[in-house]
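Protein chains in written order, with our numbering: chain A, 1 to 230; chain B, 1001 to 1114.
No residue lacks a Cβ here, since even glycine has one placed at the ideal position from N, Cα and C.
Remarks on the structure that follows.
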């Protein structure tokens, strides 16, 4: 069985039988797509296995990559109200070179979207890390900033389109040095409630969860001619 | 005149048989999130000449079955899937990525002599 199992594992596009320590949470959208496909298979409805209608993009494989980065601590925070800095890193090595990326959506879950956890307004900045970390320097040098926005808190999940960045990383693995996420507290002047900065930041650090949803198209399974025909 | 073919009882004729694959039986439930298994089915049964005209067969299976009657050294036509469908699988790989993928031709829907 071992040998035949290996053949099936290769057929699945894996190099060995996975042995995850614990199951990652499956996002709602992946469950929905899976259930829609199961329902279509049960009713015998024809399915376009090269198009993800729930996301509106061509694709045959969806992957949810967990963030493998870490929080950064440095005494001289750039600004007094700086709340957290995190290096976000996503390992794209599972994507085969022949696969074409059609979607890369970063999800930043800031915690439950309930008003029991009222917090101050936040400012969120996302930058590309374009230089490898230098020994002794805690904070990687941020490169091009591509998101800077105010975020009322609590906010639930924020989504950002990273398709161009992910394509660049996929084409040139060395460029994938991750992203620098910085969050500042914009003060409590609007709410009039006194917030303890440290408590807020500790709560934010606890609840922050980042993931990258990728959709790829395998040209061998989904020749572009069929795409044009559709 | 039709050549008298040996009588084959219905249950031995080529048709689809149910086969449910339970991933737990293979130890794959530790990394496949969904489904827990799927109805794969399989094809099995005889393809005698007399049935090739009705058993969803191909032309060459018809000719092969005919030639088998004339010369038994020529093997009979065989019972194979004639309609297959895909399944979707949600699983986790060794980098803790959650992957949703479809796999073509995993479920046997129909069988015939080929």
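(request) Indicate whether residue 105(A) and residue 177(A) have their beta-carbon atoms separated by less than 8 angstroms. (result) Here residue 105(A) is taken as the residue at index 105 of the first chain, counted from 1. Here residue 177(A) is taken as the residue at index 177 of the first chain, counted from 1. No, Cβ-Cβ distance for residue 105(A) and residue 177(A) is not below 8 angstroms.
(message) Give me the subset of the segment 1090-1111 of chain B whose CB atoms are less than 9 angstroms from a CB atom of chain A, sorted by chain position.
(response) 1090, 1091, 1092, 1093, 1094, 1095, 1096, 1097, 1098, 1099, 1100, 1101, 1102, 1103, 1104, 1107 and 1109
(request) Check each residue of the segment 36-55 of chain A: if its Cβ is closer than 8 angstroms to any Cβ of chain B, include it; give the result in chain order. (result) 37, 38, 41, 44, 47 and 49
(message) I want to see whether chain A comes within less than 8 angstroms of residue 1030(B), judged by CB atoms only; does it?
(response) Here residue 1030(B) refers to the residue found at position 30 when the second chain is read from its first residue. For residue 1030(B), the answer is yes, since a Cβ of chain A falls inside 8 angstroms of its Cβ.
(message) For the beta strand (DSSP E) containing residue 1034(B), name the first residue and the last one.
(response) As a working note, residue 1034(B) is residue 34 in the second chain. It spans 1032-1034 - the beta strand (DSSP E) in which residue 1034(B) sits, taken as one unbroken run.
(message) Tell me the residue span of the alpha helix (DSSP H) that contains residue 1099(B).
(response) In the second chain, the residue the question calls residue 1099(B) occupies position 99. Unbroken run through residue 1099(B) is the beta strand (DSSP E), 1098-1113; no alpha helix (DSSP H).
(request) Can you pull the chain B residues whose beta carbon is under 7 angstroms from the beta carbon of residue 231(A), in chain order? (result) Missing from the structure shown is residue 231(A); chain A here goes from 1 to 230 and no further.
(message) Please tell me whether residue 1034(B) has its Cβ less than 8 angstroms away from any Cβ of chain A.
(response) Numbered from its first residue, the second chain carries residue 1034(B) at position 34. Answer yes: the Cβ-Cβ gap between residue 1034(B) and chain A drops below 8 angstroms somewhere.
(message) Looking at chain A, is there any beta carbon in it that lies within less than 8 angstroms of the beta carbon of residue 1021(B)?
(response) In the second chain, residue 1021(B) corresponds to position 21, counting from 1. So, not an interface residue.
(request) Report the residue from 61(A), 85(A), 181(A) and 81(A) whose alpha carbon sits nearest the alpha carbon of residue 72(A). (result) Counting from 1 along the first chain, the entry for residue 72(A) is found at position 72. Closest by alpha carbon: 85(A).
(request) Establish whether the CB of residue 1081(B) and some CB of chain A are separated by less than 8 angstroms. (result) As a first step, residue 1081(B) is located in the second chain; it is residue number 81 there, counting from the start. Not an interface residue.
(message) Would residue 34(A) pass as an interface residue toward chain B - the criterion being a Cβ-Cβ separation below 8 angstroms?
(response) Counted from its first residue, the first chain places residue 34(A) at position 34. At least one chain B Cβ lies under 8 angstroms of residue 34(A).
(request) Give the DSSP-derived three-state secondary structure of residue 1070(B) in the structure shown. (result) In the second chain, the residue the question calls residue 1070(B) occupies position 70. Helix.
(message) Using only the alpha-carbon positions, how far apart do residue 1023(B) and residue 41(A) sit?
(response) Sequence index remark: in the second chain, residue 1023(B) carries index 23 (1-based). Sequence index remark: in the first chain, residue 41(A) carries index 41 (1-based). Whole-angstrom Cα-Cα distance: 19 angstroms.
(request) Go ahead and label residue 199(A) buried or exposed: buried means 16 or more other beta carbons lie within 10 angstroms of its beta carbon, across all protein chains shown. (result) Reading the first chain from its first residue, position 199 is the one you call residue 199(A). Residue 199(A) comes out exposed.
(request) Name, please, each residue of chain B whose Cβ falls closer than 8 angstroms to the Cβ of residue 30(A). (result) If you number the first chain from 1, residue 30(A) lands on position 30. What residue 30(A) touches in chain B: 1090, 1098 and 1100.
(request) Given a cut-off of 8 angstroms, decide if residue 126(A) and residue 151(A) are closer than it, judged by their beta-carbon atoms. (result) Taking the first chain and counting its residues from 1, one reaches residue 151(A) at position 151. Taking the first chain and counting its residues from 1, one reaches residue 126(A) at position 126. No, the pair does not count as a contact, with Cβ atoms beyond the cut-off.
(message) When you compare the CB of residue 1087(B) with every CB in chain A, is at least one pair closer than 8 angstroms?
(response) Along the second chain, read from residue 1 onward, the residue named residue 1087(B) stands at position 87. Closer than 8 angstroms: yes.
(message) Quick check: what's the CA-CA separation for residue 1057(B) versus residue 43(A)?
(response) As a working mapping, residue 1057(B) is identified with position 57 in the second chain. As a working mapping, residue 43(A) is identified with position 43 in the first chain. Cα-Cα distance, rounded: 25 angstroms.
(request) State the CB to CB distance for the pair residue 1065(B) and residue 1048(B), rounded to an integer number of angstroms; the pair is presumed to be in contact (CB under 8 angstroms). (result) For this step, residue 1065(B) is matched to residue 65 along the second chain. For this step, residue 1048(B) is matched to residue 48 along the second chain. At roughly 7 angstroms, the Cβ-Cβ gap stays under 8 angstroms, so residue 1065(B) and residue 1048(B) are in contact.
(request) With a threshold of 16 other CB atoms inside 10 Å of the CB of residue 219(A), please say whether the residue is buried or exposed. (result) As a first step, residue 219(A) must be located in the first chain, where it is residue number 219. Exposed.
(message) Is any non-hydrogen atom of the ligand GDP found closer than 7 angstroms to the C-beta of residue 1066(B), if you look at the structure I gave you?
(response) In terms of ligand content, the structure shown is empty, and the ligand GDP therefore cannot be addressed.
(message) Considering just the uninterrupted stretch of the beta strand (DSSP E) at residue 201(A), what are its terminal residues?
(response) The residue labelled residue 201(A) in the question sits at position 201 within the first chain. Run containing residue 201(A): none in the beta strand (DSSP E); it sits in the alpha helix (DSSP H), 197-207.
(request) Could you check the C-alpha separation between residue 1040(B) and residue 1089(B) for me, to the nearest Å? (result) Within the second chain, numbered from 1, the residue matching residue 1040(B) stands at position 40. Within the second chain, numbered from 1, the residue matching residue 1089(B) stands at position 89. Taking the straight line joining both Cα atoms gives about 14 angstroms.
(message) Strictly below 7 angstroms CB to CB, what residues from chain B border residue 70(A)?
(response) Counting from 1 along the first chain, the entry for residue 70(A) is found at position 70. Those do not exist, as residue 70(A) stays about 15 angstroms from chain B at its closest Cβ, beyond 7 angstroms.
(request) From the DSSP output, read off the bridge partner residues of residue 1014(B). (result) The sequence position of residue 1014(B) within the second chain is 14, counting from 1. None, per the DSSP bridge assignment.
(message) Counting only Cβ pairs nearer than 8 angstroms, list the residues of chain B close to residue 19(A).
(response) On the first chain, position 19 is the one that residue 19(A) refers to. Per Cβ cutoff of 8 angstroms: 1030, 1031 and 1094.
(request) Give the interface partners of residue 24(A) over in chain B, defined as CB-CB distance under 7 angstroms, in chain order. (result) Reading the first chain from its first residue, position 24 is the one you call residue 24(A). Simply 1092, 1096 and 1098.
(request) Please report the residue range of the alpha helix (DSSP H) in which residue 1044(B) lies. (result) For the purposes of this step, residue 1044(B) is taken as the residue at position 44 of the second chain. Segment 1042-1044 is the beta strand (DSSP E) holding residue 1044(B); no alpha helix (DSSP H) there.
(request) Taking residue 53(A) as part of the beta strand (DSSP E), name the residues at either end of that continuous run. (result) Taking the first chain and counting its residues from 1, the one referred to as residue 53(A) is at position 53. Taken as a continuous stretch (DSSP letters only), residue 53(A) belongs to no beta strand (DSSP E), as it is neither H nor E.
(message) Going by C-alpha to C-alpha distance, which of 35(A), 223(A) and 92(A) sits closest to residue 26(A)?
(response) Against the first chain, residue 26(A) aligns to sequence position 26. Among 35(A), 223(A) and 92(A), the Cα nearest to that of residue 26(A) is on 35(A).
(message) Would you say residue 81(A) lies against chain B (beta-carbon separation less than 8 angstroms)?
(response) Taking the first chain and counting its residues from 1, one reaches residue 81(A) at position 81. No - not a single Cβ of chain B is within 8 angstroms of the one on residue 81(A).
(message) Please list, in chain order, the chain B residues whose beta carbon lies closer than 7 angstroms to that of residue 58(A).
(response) In the first chain, counting from the first residue as 1, residue 58(A) sits at position 58. Under the 7 angstroms cutoff, chain B gives no residues; its nearest Cβ is about 14 angstroms from residue 58(A).
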